[in-house]
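Chemist:
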Amino acid sequence: VNDGSRDRSLEILLRLRNEDPRVGVIDLSRNFGKEAAMTAGLDAANGDAVIIIDADLQDPPELIPQLIAPWEKVEADVVYAQRRSRAGETWLKKATASAFYRVMERFGRTKIPPDTGDFRLLSRRAKDDLLRLREQHRFMKGLYAWIGYKQVPVIYDRDPRHAGKSKWNYLSLIEFALDAITGATIAPLKLATFLGLATGMAAMIFGLVVIYKTLVYGNPVDGYPSLMVVILFLGGIQLMTLGILGEYIGRISNESKQRPLYLVKTHLPARDAPAPATEDEQPQVKVVK
537 VNDGSRDRSL EILLRLRNED PRVGVIDLSR NFGKEAAMTA GLDAANGDAV
587 IIIDADLQDP PELIPQLIAP WEKVEADVVY AQRRSRAGET WLKKATASAF
637 YRVMERFGRT KIPPDTGDFR LLSRRAKDDL LRLREQHRFM KGLYAWIGYK
687 QVPVIYDRDP RHAGKSKWNY LSLIEFALDA ITGATIAPLK LATFLGLATG
737 MAAMIFGLVV IYKTLVYGNP VDGYPSLMVV ILFLGGIQLM TLGILGEYIG
787 RISNESKQRP LYLVKTHLPA RDAPAPATED EQPQVKVVK
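What follows is the structure in structure tokens.
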């Protein structure tokens, strides 16, 4: 799947398709984001199972047989590759990733395996049920966990990136985390409610203290600093709460538009692609890159 790349990716993909009849290419009309691009690949896959892997091959393709084995032997519907180590990443990236998974584990409705990316195998029924979820703000790791079924990990060590650098900067990762948290839980809304109640209680107590001091000791002129602190504190809480509400309202607006997740500019299926599977057929595993 070519997600609106601006380099020679499409040229390389077309050359691979000309050299290998098993390769199919989906060229999206623009960059729709990784989650939508993966959905496009899943929509096109029609085998008994599908394996998702990033094109940079930082996740090792030689692990694919280990992903297939639990699907064949123990009938696992989802076999995910779980990282034992993450070579080539900074301590800040590892620390923020660990904090993100802890937050999701604490507040999410479904348990998301830590240190797990999109490199995984999905059975046909897992893939079909996953594709029934068509929300705009897609957090695929949460959707993988939400569908349930039997899920088995395969532990591996992730090598450092061989060439190039990730397009994901920290601003993109923050936006991704917001999509994940707001898509997986309403905990921020509950937090805003509890924070508002706690602030209201504190303000009421502070007000009683002010009234008591005024009645007992009179009304001194000084007190401007404390007044400003209270005003700024309450204003900050209100703005933060409005921001949380805005995140959810924005997502409601995007969902109500019901726009397609992606648009395909060109779809060149594999030349030896099997026909859509039936219950009696056993087509080969199809790998989506």
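Per our numbering, the very first residue in the sequence shown carries number 537; after that it's consecutive. Just so you know, even glycine gets a beta-carbon here, dropped at the ideal spot from N, CA and C.
Consult DSSP for Asp826 and reduce its assignment to one of helix, strand or coil.
Modeler: An answer regarding residue 826 cannot be provided, because it is not within the stretch 537 to 825 covered by the chain.
Chemist: As a quick exercise: from Asp592, Asp590 and Tyr616, pick the residue whose alpha carbon is nearest that of Pro601.
Modeler: For Pro601, the nearest C-alpha among the options comes from Tyr616.
Chemist: What is the rounded straight-line gap between the Cα of Lys801 and the Cα of Leu599?
Modeler: Between Lys801 and Leu599, the C-alpha separation is close to 32 Å.
Chemist: Measuring CA to CA, which of Arg544, Glu783 and Thr646 is closest to Leu679?
Modeler: Ranking Arg544, Glu783 and Thr646 by Cα distance to Leu679 puts Thr646 first.
Chemist: Once you ignore the five residues that flank Pro689 on each side, which residues in its own chain have a CB closer than 7 Å to its CB?
Modeler: Tyr616, Gln618 and Pro649.
Chemist: Determine the DSSP secondary structure at Asn567, reduced to helix, strand or coil.
Modeler: Asn567 falls in the coil class under three-state DSSP.
Chemist: Can you check DSSP and say which residues form a bridge with Ser621?
Modeler: In the DSSP output, where bridge partners are listed per residue, Ser621 has Asp693.
Chemist: What first and last residue would you give for the beta strand (DSSP E) that runs through Lys801?
Modeler: From DSSP, the beta strand (DSSP E) with Lys801 extends over Val800 to Leu804.
Chemist: Tell whether a beta-carbon distance below 9 Å holds between Phe677 and Asp693.
Modeler: Rather than Phe, the amino acid found at residue 677 in this sequence is Lys. Taking 9 Å as the Cβ cut-off, Lys677 and Asp693 do not qualify as a contacting pair.
Chemist: What did DSSP end up calling Val537 once you bin it into helix, strand or coil?
Modeler: Correct three-state label for Val537: coil.
Chemist: Leaving aside the five residues before and after Asp808 along the sequence, list all residues of the same chain whose C-beta is less than 8 Å from its C-beta, in chain order.
Modeler: Result list for Asp808: Pro557 and Arg558, in chain order.
Chemist: Should Asn554 go down as buried or exposed, given a rule of 16 or more other Cβ atoms within 10 Å for buried?
Modeler: With fewer than 16 Cβ atoms within 10 Å of its Cβ, Asn554 is classed as exposed.
Chemist: For the 8 Å Cβ check, are there 3 or more pairs between the stretch 539–552 and the stretch 769–785?
Modeler: The stretch 539–552 is not in contact with the stretch 769–785.
Chemist: Of all the options Tyr685, Pro596 and Gly569, which has the alpha carbon lying nearest to the alpha carbon of Asp613?
Modeler: Of Tyr685, Pro596 and Gly569, the residue nearest in Cα terms is Tyr685.
Chemist: Using CA atoms only, rank isn't needed, just tell me which of Gln794, Lys609 and Ala591 is closest to Arg544.
Modeler: Considering only alpha carbons, the answer is Ala591.
Chemist: Can you check whether the CB of Pro805 is closer than 9 Å to the CB of Ala585?
Modeler: Not closer than 9 Å, so no.
Chemist: Can you tell me the Cα-Cα spacing of Ile785 and Arg661, whole angstroms?
Modeler: Whole-angstrom Cα-Cα distance: 33 Å.
Chemist: Does the separation of the CB atoms of Phe742 and Val766 fall below 9 Å?
Modeler: Contact: yes.
Chemist: For Phe568, which residues of its own chain have a beta-carbon under 6 Å away from its beta-carbon, when the five flanking residues on both sides are left out?
Modeler: Same-chain partners within the cutoff: Tyr798.
Chemist: Using the DSSP secondary-structure output, state which residues sit across from Ile562 in a beta bridge.
Modeler: In DSSP, Ile562 forms a bridge with His803.
Chemist: Which residue's Cα is closest to the Cα of Met574: Asp651, Arg656 and Trp607?
Modeler: The shortest Cα separation from Met574 among Asp651, Arg656 and Trp607 belongs to Arg656.
Chemist: When the Cα of Thr735 is compared with those of Ala681, Ile773 and Val752, which residue comes out closest?
Modeler: When only C-alpha atoms are compared, the closest one is Ile773.
Chemist: Short check: CB of Ile589 to CB of Pro597, under 9 Å?
Modeler: In contact: Ile589 and Pro597 (Cβ atoms closer than 9 Å).
Chemist: Tell me whether Arg674 is buried or exposed, calling it buried when 16 or more other Cβ atoms sit within 10 Å of its Cβ.
Modeler: Buried, by the Cβ-count rule.
Chemist: Find the nearest neighbour of Glu611 within the set Ser659, Ala728, Arg542 and Leu669, judged by alpha-carbon distance.
Modeler: Checking every option, the nearest Cα to that of Glu611 belongs to Ser659.
Chemist: Identify whether Arg553 lies in helix, strand or coil by the three-state DSSP scheme.
Modeler: Helix, per DSSP.
Chemist: Under a Cβ-count criterion, where at least 16 other Cβ atoms within 10 Å of its own Cβ denotes burial, should Glu815 be classed as buried or exposed?
Modeler: Low local confidence applies: a pLDDT of 49 at Glu815 is under 50, so the model's placement there is unreliable, and no value is given.
Chemist: Can you tell me whether Arg795 is helix, strand or coil according to DSSP?
Modeler: Three-state DSSP puts Arg795 in coil, outside helix and strand.
Chemist: Would you mind working out which of Gly583, Arg542, Glu571 and Gly540 sits nearest Lys663, comparing C-alpha positions?
Modeler: Per the Cα distances, Gly583.
Chemist: Based on Cα-Cα distance, which residue from Ser789, Leu666, Ala681 and Trp682 lies nearest to Ala572?
Modeler: Selected option, being the one with the closest Cα: Leu666.
Chemist: First and last residue of the alpha helix (DSSP H) that includes Leu603?
Modeler: It spans Ile600 to Lys609 - the alpha helix (DSSP H) in which Leu603 sits, taken as one unbroken run.
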